[in-house]
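>
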Amino acid sequence: MDLAIYDMDRTVTRRPTYTSFLLHCAMRRAPWRLVFVPLVVGSMLAYVAKLITRARLKEVNHALLIGRSISVAEMRPLVESFADRQVAGNIRPGARAAIARDKAEGRRVVMATASYRFYAAAIAERLGFDDVIGTGSVIGLDERLLARIEGENCYGEAKMRMVADWVEKSGLTGRHGHVRFYSDHVTDAPVFEWADEPVAVNPHGRLAKLAAERGWAQEDWG
């Protein structure tokens with residue numbers, strides 16, 4: 262089976278989703294947590310200064326704006342309402358067209374995103390994706406979602422490892438056909454290099470340069 266693998270933030274979506282998801286949860290569940298926004302900004306500066314990792318940044322901001330733990334049942338309506346908002350106003354027209362084309366070609370359409378899988382999956386389902394590869398979250402025995410990442414943050418080289426792991430667990434090793442991969446960012450270079458048909462979507466400067474050097478397709482999805 263041929264595959265079409267999509268990054269999400271700024272590829273399928275116009276705007277990134279992670280921080281807006283945390284704010285969405287805080288405003289609807291516990292608006293008082295918005296007092297922690299300056300600390301969120303501080304953690305972002307710490308990441309830029311390379312004092313914390315990208316994965317740790319996610320865990321810190323999750324704890325600040327959602328809490329250290331939340332029941333899965335309480336999280337579910339927050340995820341659903343956020344996904345509805347994203348699909349209504351934050352999806353690139355070209356992404357919808359590409360998804361429709363890939364599905365019409367009989368491809369298995371997969372989202373591979375650094376965003377948390379628990380909310381990316383809700384967006385992907387609404388858009389017709391078949392599978393989702395994303396950053397996992399620890400869920401305790403009491404069915405509470407914790408502000409901790411399970412495994413790796415699905416970003417950069419880790420995303421390639423997680424795609425390869427998904428291929429193996431899906432029984433597609435040595436069996437899948439042509440792979441088309443879409444992303445907007447140069448950090449996805451490992452997956453671009455692995456794919457049969459890399460497509461740089463609305464690429465930023467470094468990716469546009471790399472795509473030109475490698476002869477990869479470049480597309481504007483609006």
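First residue of the sequence shown? That's 262 in my numbering, and the numbers climb one at a time after it. Backbone N, C-alpha and C fix where the C-beta goes; we use that ideal spot for every residue, glycine too.
(1) Mind reading off the beta-carbon distance from Asp-481 to Gly-355? Whole number of angstroms is fine, and I expect it under 8 angstroms.
(2) With three or more C-beta pairs closer than 8 angstroms as the rule, is the region 274-286 touching the region 400-414?
(3) Under 8 angstroms by Cβ, that's how I've got Ala-408 and Ala-344 pegged, so tell me the actual separation to the nearest angstrom.
(4) Is Val-424 buried or exposed, if buried means 16 or more other CB atoms sit within 10 Å of its CB?
(5) Under a Cβ-count criterion, where at least 16 other Cβ atoms within 10 Å of its own Cβ denotes burial, should His-465 be classed as buried or exposed?
(6) Among Leu-468, Asn-414, Ile-352, whose alpha-carbon lies nearest the alpha-carbon of Pro-277?
(7) Report the residue from Cys-415, Ala-472, Val-460 whose alpha carbon sits nearest the alpha carbon of Arg-315.
(8) Could you check what DSSP says for Val-423 in three-state terms: helix, strand or coil?
(9) Helix, strand or coil: which one does DSSP assign to Asp-363?
(10) Just reading off the beta strand (DSSP E) that Glu-404 is part of, what are its end residues?
In brief:
(1) 7 angstroms
(2) no
(3) So it is not a contact: roughly 20 angstroms between Cβ atoms.
(4) buried
(5) exposed
(6) Ile-352
(7) Cys-415
(8) The amino acid occupying residue 423 in the given sequence is Met; Val does not appear at that position. Note: Met-423 maps to helix in three-state DSSP.
(9) helix
(10) From DSSP, Glu-404 is part of no beta strand (DSSP E); its letter is neither H nor E.
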